[in-house]
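>
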Amino acid sequence: MAVVDQQSGDSVKTSADSQSQGAKTTWFERVPAIYWLLALVLLIMPVMASDFALYQIFGWSFILGMIALSLMFLAGYGGMVSIVQMTIAALAGYMLAIIGDSAITEISLGWPWWISIPLALLIAMIFGTLTGALAVRTDGIYTIMITLAIASAFFYFTRQNYVLFNGFSGFNGVLAPNLFGIDWRNPVPFYYLTLFWATVSYLVVLYISRAPFGLALQGVRDNARRMAALGYNVNAHRIAAYTFAALIAGLGGILLTWQSTQISPGTAGIGPVIDILVIAVIGGMTRPIGPFIGAFIYVILKTFAIDILVSLGLSGDRFQLLIGLCFLLIVFFSPDGILGLWDRMRAYQKRDPLRDQMGEAP
Amino acid sequence: MNAPTTVAERLSASGTANALELRGISKLFGALVALSDITISVHPGERRAVLGSNGAGKTTLFNCITGDFLPSSGTVRFFGEDITTFPAHERIRRGLRRTYQISQLFAGLSVFDNIYLACRGVSQNRFSLRRPGKDDALMASAEDLVRVVHLDEAKDTLVSELSYGQQRQLEIAMALSGAPRFILFDEPAAGLSPTERSELIEILVGLPDHMGFIIIEHDMDVALRVSESVTMMHNGRIFKEGKPAEIEEDPEVQALYLGGGDG
Numbered sequence: 015m016a017v018v019d020q021q022s023g024d025s026v027k028t029s030a031d032s033q034s035q036g037a038k039t040t041w042f043e044r045v046p047a048i049y050w051l052l053a054l055v056l057l058i059m060p061v062m063a064s065d066f067a068l069y070q071i072f073g074w075s076f077i078l079g080m081i082a083l084s085l086m087f088l089a090g091y092g093g094m095v096s097i098v099q100m101t102i103a104a105l106a107g108y109m110l111a112i113i114g115d116s117a118i119t120e121i122s123l124g125w126p127w128w129i130s131i132p133l134a135l136l137i138a139m140i141f142g143t144l145t146g147a148l149a150v151r152t153d154g155i156y157t158i159m160i161t162l163a164i165a166s167a168f169f170y171f172t173r174q175n176y177v178l179f180n181g182f183s184g185f186n187g188v189l190a191p192n193l194f195g196i197d198w199r200n201p202v203p204f205y206y207l208t209l210f211w212a213t214v215s216y217l218v219v220l221y222i223s224r225a226p227f228g229l230a231l232q233g234v235r236d237n238a239r240r241m242a243a244l245g246y247n248v249n250a251h252r253i254a255a256y257t258f259a260a261l262i263a264g265l266g267g268i269l270l271t272w273q274s275t276q277i278s279p280g281t282a283g284i285g286p287v288i289d290i291l292v293i294a295v296i297g298g299m300t301r302p303i304g305p306f307i308g309a310f311i312y313v314i315l316k317t318f319a320i321d322i323l324v325s326l327g328l329s330g331d332r333f334q335l336l337i338g339l340c341f342l343l344i345v346f347f348s349p350d351g352i353l354g355l356w357d358r359m360r361a362y363q364k365r366d367p368l369r370d371q372m373g374e375a376p
Numbered sequence: 003m004n005a006p007t008t009v010a011e012r013l014s015a016s017g018t019a020n021a022l023e024l025r026g027i028s029k030l031f032g033a034l035v036a037l038s039d040i041t042i043s044v045h046p047g048e049r050r051a052v053l054g055s056n057g058a059g060k061t062t063l064f065n066c067i068t069g070d071f072l073p074s075s076g077t078v079r080f081f082g083e084d085i086t087t088f089p090a091h092e093r094i095r096r097g098l099r100r101t102y103q104i105s106q107l108f109a110g111l112s113v114f115d116n117i118y119l120a121c122r123g124v125s126q127n128r129f130s131l132r133r134p135g136k137d138d139a140l141m142a143s144a145e146d147l148v149r150v151v152h153l154d155e156a157k158d159t160l161v162s163e164l165s166y167g168q169q170r171q172l173e174i175a176m177a178l179s180g181a182p183r184f185i186l187f188d189e190p191a192a193g194l195s196p197t198e199r200s201e202l203i204e205i206l207v208g209l210p211d212h213m214g215f216i217i218i219e220h221d222m223d224v225a226l227r228v229s230e231s232v233t234m235m236h237n238g239r240i241f242k243e244g245k246p247a248e249i250e251e252d253p254e255v256q257a258l259y260l261g262g263g264d265g
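Sequences listed follow chains A and B, in order.
Just remember that the numbering used here sits 14 ahead of the position in the first sequence, which is counted from 1.
Just remember that the numbering used here sits 2 ahead of the position in the second sequence, which is counted from 1.
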């Protein structure tokens, strides 16, 4: 019994929290102090950080984190590795540019934001659902292959289609609407905009993970056959997970398009599409915070790799090599990403030397 | 879509039909004949044991009934309804349940979450995005099931950390979720200690009268104590049917099953 107690103490806390302890402690007492600290630091960040850091480092991290979060939801809870999440984000961006405003006035319809944004998200969700309907019939490596195939098809299609997607150059001049008299393109408003939506996505995923839908999804991940024998339509649950993930990816895609004010085939090229997988893996896919950690590391590396190389007297052209090496190191030392590293460190600190020694004694 | 919800409604809706009626069920795996022309009728509330040596086709029969795979030929009727080609989840929603010979549980979730999932699977709002509150009816019924199978103390334990016996108990709890009308138990006593066996018998005997079941069991003690009729299977065919006492004394059965054979 002692062994069971010790091991399960941490991992089952979530379910125990929401049920038995719910009456005794309020919700904000149950959030660890480090999360409050992180929230405070993020809120007052504009006081400390430069415009460049706010816009390019944090804004970009939050956006990529959201897109990787949609993958984490599918892969971590549903056991489905989808390569198509960046493609869905790009599709939402494209739809925003086509339905809303851009510099390419001969294609863009110029409809107001309250039509273009919901419509872009809706189309992204339909696309995600259709992709899911195709992909859920496969497993493991085949899911990866089929979603990769869809992602490549989308990339080449947008590059060659000029009627709707404006081919190679895509759309520029896609600006965030001037809502509430604020220019959201300014670094500080944009920082808070991305922080807000990243936080909302994070909390929603966290919440749903313990709701019937999320629990059922984890059940499907662990044992699909048993889920069917419990009355669940397994494929319907998987497809619904794709739909939900597409909403988060779509939101990320819209923010990404505003951040760079343009959308083009390169946004969802094979490289960026796989980068989302890399972000999710190095961050860790066991909890929704992982993708944001991964995105932050990715953005830092991507932004400063050239400077590091140049300062070492090397050619800046090789920055991809440096990024690749860093990822290799992380994955080598912790296959389950930074989250896995963190969990092992916590377990090591919590270790009770006395009990361990007694356990080892014959 | 409006399935009857209470047991009484279901019983009246089912009329006089048999709980389970298999007609000419065959299952081929390539050239291997796993089941051949199985015809069984089980009336509502009946408790039937299926005996037979390894490879007799008992678990294959279960898989055909629950829809884990489809029979090559024949029909399956559940309370009068032809469910031969229904997907597994549709059969479960109609009140059919099963346990597995090798526990099929959600290792990454707690005992309570496993049972809660089982309760949710046979009720509404499977896709609900709202977390269940404290007054959620399903939470209460899940709590009850935890108690029925004596897992109160392990409620928040991860399934991967349960003992073998506890996992078997959890299997049974999950089959009892919702309002089962008929349950298939696949060797529930396998690997249990004598104490756990008698607890299991207690649970099976204590099931409500309307709840029929088929139990596959190698342990004759368990099988004959909980069942009122027995079907003997051999090489994918029905070999004998009868009352437990008749089967036990049948010389052919003794030669085949009790007297060594290939089992």
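Glycine included, C-beta positions come from ideal geometry on N, C-alpha and C.
Just the Cα atoms here: how many angstroms apart are A:A37 and A:A361?
The pLDDT assigned to A:A37 is 48, lower than 50, so where the model puts this residue is not dependable; a value taken from the coordinates is nonetheless given after this. Cα to Cα, A:A37 sits roughly 28 Å from A:A361.
> Where A:T172 and A:P286 are concerned, what is the direct C-alpha to C-alpha distance, given to the nearest angstrom?
15 Å
> Do A:S223 and A:M80 count as a contact pair if the criterion is CB distance below 8 Å?
no
> Using a C-beta to C-beta distance shorter than 9 Å, which residues of chain B count as neighbours of A:P226?
Y118, L119, R122, N127, R128, F129, S130, L131, R132, R133, P134, L140
> Rounded to the nearest angstrom, how far is the Cβ of A:A230 from that of B:L119, given a contact under 8 Å?
6 Å
> Report the neighbours of A:L88 on chain B: residues whose CB is nearer than 8 Å to its CB, in chain order.
In chain order: nothing, as chain B lies at least about 16 Å away.
> Just grab the DSSP bridge partners of B:R79 for me.
B:E23, B:D84
> Do B:L24 and B:I42 have their CB atoms nearer than 8 Å?
Yes, the pair counts as a contact, with Cβ atoms nearer than the cut-off.
> Please list, in chain order, all residues of the same chain as A:F87 whose beta carbon is under 6 Å from its beta carbon, the five residues on each side excluded.
Excluding residues up to 5 positions away in sequence, V219, A259 lie with their Cβ nearer than 6 Å to the Cβ of A:F87 in the same chain.
> List the residues of chain A whose Cβ lies closer than 7 Å to the Cβ of B:H91, in chain order.
Proximity of chain A to B:H91 at the Cβ level (cut-off 7 Å) is accounted for by A242, G245, Y246, N247, in chain order.
> Roughly how many whole angstroms lie between the Cα atoms of A:W211 and A:F204?
11 Å
> When you compare the region 26-35 of chain B with the region 179-197 of chain B, are there three or more beta-carbon pairs, one atom per stretch, that lie closer than 8 Å?
no
> In three-state DSSP terms, what is B:Q106?
coil
> Classify B:S143 as helix, strand or coil using the three-state DSSP reduction.
helix
> Should A:Y69 go down as buried or exposed, given a rule of 16 or more other Cβ atoms within 10 Å for buried?
By the neighbour-count definition (other C-beta atoms within 10 Å, threshold 16), A:Y69 is a buried residue.
> So B:R51 is in the alpha helix (DSSP H); what residue range does that whole segment cover?
According to the sequence shown, residue 51 of chain B is Ala rather than Arg. It is not in any alpha helix (DSSP H) - B:A51 instead sits in the beta strand (DSSP E) that spans 49-53.
> Under three-state DSSP, which class holds B:A36?
strand
> To the nearest angstrom, report how far apart A:Y156 and B:A19 are at their CA atoms.
The alpha-carbon atoms of A:Y156 and B:A19 are separated by roughly 45 Å.
> Less than 8 Å between the C-beta atoms of A:I277 and A:G107, yes or no?
yes
> Considering only residues of the region 152-183 of chain A, which uninterrupted alpha helix (DSSP H) runs meet the minimum length of 4 residues and lie entirely inside it, listed in chain order?
154-174
> I'd like to confirm the pairing. Which residues does DSSP put opposite B:S28 in its beta bridges?
B:S75
> Report all residues from its chain with a CB closer than 7 Å to the CB of B:I249; omit the five preceding and five following residues, and keep chain order.
Excluding positions up to five away in sequence, the list reads V232, M234, K242, V255.
> Do you know offhand how far B:G244's Cα is from B:E251's?
11 Å
> By the three-class DSSP mapping on this structure, what secondary structure does A:E120 have?
coil
> What does B:G110 touch in chain A if you count any residue whose Cβ is under 8 Å from its own?
One finds Q232, R235, D236 in chain A with Cβ atoms closer than 8 Å to the Cβ of B:G110, taken in chain order.
> Could you tell me whether the region 146-163 of chain B touches the region 125-138 of chain B, where touching means 3 or more Cβ pairs closer than 8 Å?
In short, these stretches do not touch, since the Cβ pair count stays below three.
> Which chain A residues are close to B:R100, counting only those with a beta carbon under 7 Å from its beta carbon?
What B:R100 touches in chain A: A243.
> Using the beta-carbon of each residue, which ones in chain B are nearer than 7 Å to A:R239?
D70, Q106
> Do you know how far the Cα of A:I112 is from the Cα of A:T143?
21 Å
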